[in-house]
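These protein sequences, in sequence, are chains A and B.
Numbering-wise (our numbering), the first sequence opens with residue 1 and increments by one.
Numbering-wise (our numbering), the second sequence opens with residue 1 and increments by one.
Have a look at the structure below before the remarks.
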Amino acid sequence: MNFNIVGVWTLTKRELIRSVKIINQVIWPPIITTLLYVFVFGMAIGSRIPLVQGVTYAQFLIPGLIMLQTIDSSYGECSSSVFQGRFMNHIQELLIAPMSATEIVFGFILGSLARALIIAGLITALGALLVHTLPRDWAMYFFVLILVSVLFSGLGIILGLLAEKFDHLAVLTTFVIMPLTFVGGVFTAATMLPPALRTLSLVNPIFYTIDAFRRSYTGQSFLPPLYSMGAIGLLCIVVLAVALRMTALGIKLRT
Amino acid sequence: MTVAPAIEIEHLTKRYGDVVAVDDVSLRVAAGEFFGFLGRNGAGKTTTINAIVGLARKSSGSIRVFGYDTDREWRHARGFIGLAPQEFNFDRYLSIRDVLIFQAGYYGLRGKAVAERADALLERFGLTSRARVEYTKISGGQKRRLTLARALIHEPRMLILDEPTAGVDVEQRLELWEFLRCLNAEGLTVFLTTHYLEEAEQLCRRIAIIRDGKIITEQPTRHLVREGERLQDVFLELIRQAPS
Numbered sequence: 001m002n003f004n005i006v007g008v009w010t011l012t013k014r015e016l017i018r019s020v021k022i023i024n025q026v027i028w029p030p031i032i033t034t035l036l037y038v039f040v041f042g043m044a045i046g047s048r049i050p051l052v053q054g055v056t057y058a059q060f061l062i063p064g065l066i067m068l069q070t071i072d073s074s075y076g077e078c079s080s081s082v083f084q085g086r087f088m089n090h091i092q093e094l095l096i097a098p099m100s101a102t103e104i105v106f107g108f109i110l111g112s113l114a115r116a117l118i119i120a121g122l123i124t125a126l127g128a129l130l131v132h133t134l135p136r137d138w139a140m141y142f143f144v145l146i147l148v149s150v151l152f153s154g155l156g157i158i159l160g161l162l163a164e165k166f167d168h169l170a171v172l173t174t175f176v177i178m179p180l181t182f183v184g185g186v187f188t189a190a191t192m193l194p195p196a197l198r199t200l201s202l203v204n205p206i207f208y209t210i211d212a213f214r215r216s217y218t219g220q221s222f223l224p225p226l227y228s229m230g231a232i233g234l235l236c237i238v239v240l241a242v243a244l245r246m247t248a249l250g251i252k253l254r255t
Numbered sequence: 001m002t003v004a005p006a007i008e009i010e011h012l013t014k015r016y017g018d019v020v021a022v023d024d025v026s027l028r029v030a031a032g033e034f035f036g037f038l039g040r041n042g043a044g045k046t047t048t049i050n051a052i053v054g055l056a057r058k059s060s061g062s063i064r065v066f067g068y069d070t071d072r073e074w075r076h077a078r079g080f081i082g083l084a085p086q087e088f089n090f091d092r093y094l095s096i097r098d099v100l101i102f103q104a105g106y107y108g109l110r111g112k113a114v115a116e117r118a119d120a121l122l123e124r125f126g127l128t129s130r131a132r133v134e135y136t137k138i139s140g141g142q143k144r145r146l147t148l149a150r151a152l153i154h155e156p157r158m159l160i161l162d163e164p165t166a167g168v169d170v171e172q173r174l175e176l177w178e179f180l181r182c183l184n185a186e187g188l189t190v191f192l193t194t195h196y197l198e199e200a201e202q203l204c205r206r207i208a209i210i211r212d213g214k215i216i217t218e219q220p221t222r223h224l225v226r227e228g229e230r231l232q233d234v235f236l237e238l239i240r241q242a243p244s
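Right under this line is the structure:
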């Protein structure tokens, strides 16, 4: 057994079961929140805003909201699952089994990715029904979605390993991810920003994810897509490498 | 053909900062043996077990399980071990039956054979009627039995039991002893730590006692406990002999 594929699949399935068991906590809230954003910002306020990137403001909003929820869901799934496993000690079931660090990290990430795809799929359907928008480039849609989900799932694993209490998991969400996501282009195109803020956006990694993903819908982006995807890919590699290394060393897992 | 020992520990040391939890321990448990590993709280029993199963990183020394090095050939070594830990650490999102099936999955096993084995273990441990509920809804004794069932789901060659009868009533304890005797008779190696010295005296063919991280004696039970003596008295005498 060189790669414990059954073990990876079992962990992925376990993560999906967990998501289903806490569906009111992890699946419906992002959908309800998205509906509210679409109605309040997209339809009510957005109707007074001229076309953005060639589409209505409500249509412009949808890809940004998908990214917002993908980032939140991916980070939340892995960070809370890993931390809870440590806290309740059931992560030991994995640690004593013949599963490598790579297999454990893959299992968590695939489970998180599945949840992100379900949420993204539901929001995409809402976008089609409510504001009549669908991606023009499905390959890019899935490529960026998967890349971003993997990136934030990896980050979730790192924080899930480092955290000493649940409160620590919220620190990154509240003080880093959410602010960066909101100023990263969920609600605004880079061209709507003053020049100074536009330049500042270039040091915000979340700006790259939203800019590249929105291109799959509007066909337009502020940065060349290869450039943004390269940046996200690079971050992804770094985060995965750190998560794998920490798991392999057993940081906060093995005494 | 020589059968490799179930456990072969050489010069195991485990330090937590300045504290030496396990100090140069060497130990050999033969395949098929029923081995007792005794000591006071904090003596180093659980740390030794954790080092064997990979939950603790060794400071130095080596451990082989059925001839496989737990560092270099960890996949093989771990596959041979079934661990029933002292604390209940079940996955709260799974039903009791799924606890077993998912544990088998982590060991790379799936399919009808696993489902049948899970059902057989639930039956053997009197948990069939509780198969669909979550572990939080079963009693302490049932949780203890589930711990054992989970440790056996992947058909290990060795069972490591860390306080398997803690919190279990007398009747269930006797049932469990009988069950462990049967498993051992079927060829399963059993490595047992317990504070119930009567349990060790009844079940174990050989006993090692650890004190302050060092093995202070290791011998067959019948040599350790002579005619007319009780293990409890021998244990207390040995534990009190050397300064803490």
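Every residue gets a Cβ at the ideal spot worked out from N, C-alpha and C, and that includes glycine.
- Contact between residue 64 (chain A) and residue 214 (chain A) holds: CB atoms are separated by about 7 Å, below the 8 Å threshold.
- Closest in C-alpha terms to residue 213 (chain B), from the list B:20, B:118, B:8, B:99, comes B:20.
- Look at the beta carbons and you see the segment 124-131 of chain A touching the segment 21-38 of chain A: at least three pairs across the two are nearer than 8 Å.
- Annotation: the segment 106-166 of chain B contains the following complete segments of the beta strand (DSSP E) (minimum length 3 residues), in chain order: 158-162.
- For residue 157 (chain B), the closest Cβ of chain A is not nearer than 8 Å.
- For residue 103 (chain B), the nearest CB of chain A lies under 8 Å from its own CB, placing it at the interface with that chain.
- Relative to residue 152 (chain A), the option among A:111, A:28, A:185, A:254 whose CA is nearest is A:111.
- Annotated three-state conformation of residue 239 (chain B) is helix, per DSSP.
- Look at residue 53 (chain A) here: in three-state DSSP terms it is coil, with no helix or strand label.
- Contact of residue 6 (chain A) with chain B is assigned, a C-beta pair being separated by under 8 Å.
- Closer than 7 Å at the C-beta level to chain A, one finds these residues of the segment 48-63 of chain B: 50, 53, 54, 55, 56, 57.
- Listed along chain A are 89, each with a C-beta nearer than 8 Å to that of residue 87 (chain B).
- Apart from sequence neighbours up to five positions away, the residues of its chain that approach residue 225 (chain B) with a beta-carbon distance below 8 Å are 201, 231, 234, ordered along the chain.
- Residue 221 (chain A) is not a Cβ neighbour of residue 156 (chain A), given a cutoff of 8 Å.
- Residues of chain A with a Cβ closer than 9 Å to the Cβ of residue 69 (chain B) do not exist, since the nearest Cβ in that chain sits about 14 Å away.
- In this chain, residue 35 (chain B) is not harboured by any alpha helix (DSSP H); it is covered by the beta strand (DSSP E) spanning 34-39.
- Under a 10 Å Cβ-count criterion, residue 48 (chain A) is classified as exposed, with fewer than 16 other Cβ atoms of the shown protein chains found around its own Cβ.
- At a Cβ-Cβ threshold of 8 Å, residue 109 (chain A) and residue 150 (chain A) count as neighbours.
- Near chain B, meaning a CB-to-CB distance below 8 Å, no residue of the segment 110-129 of chain A qualifies.
- By a beta-carbon distance limit of 8 Å, residue 148 (chain A) contacts residue 232 (chain A). Their separation comes to about 6 Å.
- Restricting attention to A:13, A:2, A:212, the CA atom closest to the CA of residue 67 (chain A) is found in A:212.
- Beta bridge pairing from DSSP links residue 69 (chain B) with B:64.
- Look at residue 14 (chain B) here: in three-state DSSP terms it is strand.
- Residue 93 (chain A) reaches chain B at 89, 90, 91, 99, 102, 103, 106, 150, counting residues in chain order whose Cβ is nearer than 9 Å.
- At a cut-off of 8 Å between C-beta atoms, residue 79 (chain B) counts as an interface residue with respect to chain A.
- For residue 21 (chain A), the C-beta contacts it makes with chain B under 8 Å involve 93, in order along the chain.
- Between the segment 73-87 of chain B and the segment 147-156 of chain B there are three or more C-beta pairs closer than 8 Å, enough to call the two in contact.
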